[in-house]
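Asks: Here the protein sequences come in this chain order: A and B.
Residues in the first sequence are numbered consecutively from 1, following the numbering used here.
Residues in the second sequence are numbered consecutively from 116, following the numbering used here.
Cβ coordinates follow ideal geometry from the N, Cα and C atoms, glycine included.
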Amino acid sequence: KAGVTQTPRYLIKTRGQQVTLSCSPISGHRSVSWYQQTPGQGLQFLFEYFSETQRNKGNFPGRFSGRQFSNSRSEMNVSTLELGDSALYLCASSLAGPSNTGELFFGEGSRLTVL
Amino acid sequence: DAKTTQPNSMESNEEEPVHLPCNHSTISGTDYIHWYRQLPSQGPEYVIHGLTSNVNNRMASLAIAEDRKSSTLILHRATLRDAAVYYCILKRPGGGADGLTFGKGTHLIIQP
């Protein structure tokens, strides 16, 4: 069974640009959540999608957005990139929806560097 | 907001038990206690979770205080492969950002 796949694994952008990251969940998983990981702030929640709807959102500015497609694949977009957006962006999928209290399955992340 | 507090780092010797503490004094009745760990250059992986009773699985045991304001992840016999950052989080039905914030976790160092 394939795990959570994130693409690209590494990318470099410059300030002011925008970036789109992709996440393919485990087959059958309908919930996808996104996290930002930095050395200073640790692992912080960005947003969660279930059945193409954003169900929960973390405390990030509107430059961070996402969406989920009918096949449960998800993308997140960051516009007008800032140096502080340099981070590892992690995606996790889970079997059930927001009522799920079970385990999250994480991808290996997309490492974004903003110059 | 339901948050967790963990020590920044802990050190243990190989083949000895490790007890990783987590405080969650503002836990609500519906919050599940989850533990994940993150090995270098990898995404976090699930370890164990529980609600009220102690739980065991092949990776670890989870001991939950009677008042649920704290919990302890127990690795019965640490190996070098257990060196990782361990996160304790509270996850509630219905989700919510607070229940999905991992923080900085505990960096577990295993000495051979």
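For the candidate residues CYS203/B, ALA193/B, ILE189/B, LYS206/B, whose alpha-carbon lies nearest to that of ALA175/B?
Replies: The shortest C-alpha separation from ALA175/B is found at ILE189/B.
Asks: Excluding sequence positions up to five away, which residues of its chain have a Cβ less than 7 Å from the Cβ of ALA198/B?
Replies: Hits under 7 Å: LEU223, ILE224, ILE225.
Asks: Does any C-beta atom of chain B lie closer than 8 Å to the C-beta of ARG90/A?
Replies: With the sequence shown as reference, residue 90/A is identified as Leu, and Arg is not the correct amino acid for it. Yes, LEU90/A lies at the interface with chain B (some Cβ there is under 8 Å from its Cβ).
Asks: If GLU48/A and SER31/A are in contact, beta carbons under 8 Å, what's the gap, nearest whole angstrom?
Replies: Between SER31/A and GLU48/A the Cβ distance is about 7 Å, and since that is below 8 Å, they are a contact.
Asks: Excluding sequence positions up to five away, which residues of its chain have a Cβ less than 6 Å from the Cβ of ARG111/A?
Replies: So the list reads TYR10, LEU88, once near-sequence residues are dropped.
Asks: Assuming ARG67/A is part of the beta strand (DSSP E), what are its boundary residues?
Replies: Run containing ARG67/A: 64 to 68, per the beta strand (DSSP E) assignment.
Asks: Is it right to say ASP85/A is buried, meaning 16 or more other beta carbons lie within 10 angstroms of its own, or is it exposed?
Replies: Buried, because 16 or more other Cβ atoms sit within 10 Å of the Cβ of ASP85/A.
Asks: Pick helix, strand or coil for ARG196/B, following the three-state DSSP scheme.
Replies: In this structure, ARG196/B counts as helix in the three-state DSSP scheme.
Asks: Roughly how many angstroms separate the alpha carbons of ASN172/B and SER143/B, rounded to a whole number?
Replies: Taking the straight line from one Cα to the other gives about 24 Å.
Asks: Verify whether the separation of the beta carbon atoms of TYR151/B and PRO159/B is less than 8 Å.
Replies: Contact: yes.
Asks: Only counting the same chain, and skipping five residues up and downstream in sequence, which positions put a Cβ closer than 6 Å to that of ASN138/B?
Replies: Here the set comprises THR120, SER185.
Asks: In whole angstroms, give me the CA-to-CA distance for TYR35/A and VAL133/B.
Replies: Looking at the two C-alpha atoms, the distance is approximately 28 Å.
Asks: Could you spell out where the beta strand (DSSP E) holding HIS149/B opens and where it closes?
Replies: Where HIS149/B is concerned, the enclosing beta strand (DSSP E) stretches over 147 to 153.
Asks: Rounded to whole angstroms, what is the Cα-Cα separation between GLN153/B and GLY58/A?
Replies: Spanning the two alpha carbons is a distance of roughly 21 Å.
Asks: Hey, GLN6/A and GLY107/A are a contact pair by Cβ (cut 8 Å); roughly how many whole angstroms apart?
Replies: Contact holds; Cβ gap of about 4 Å.
Asks: Can you tell which of THR194/B, LEU135/B, LYS118/B has the C-alpha that lies nearest to the C-alpha of ALA178/B?
Replies: With distances taken between Cα atoms, ALA178/B lies closest to LEU135/B.
Asks: Does any C-beta atom of chain A lie closer than 8 Å to the C-beta of HIS164/B?
Replies: Chain A contact via Cβ: present.
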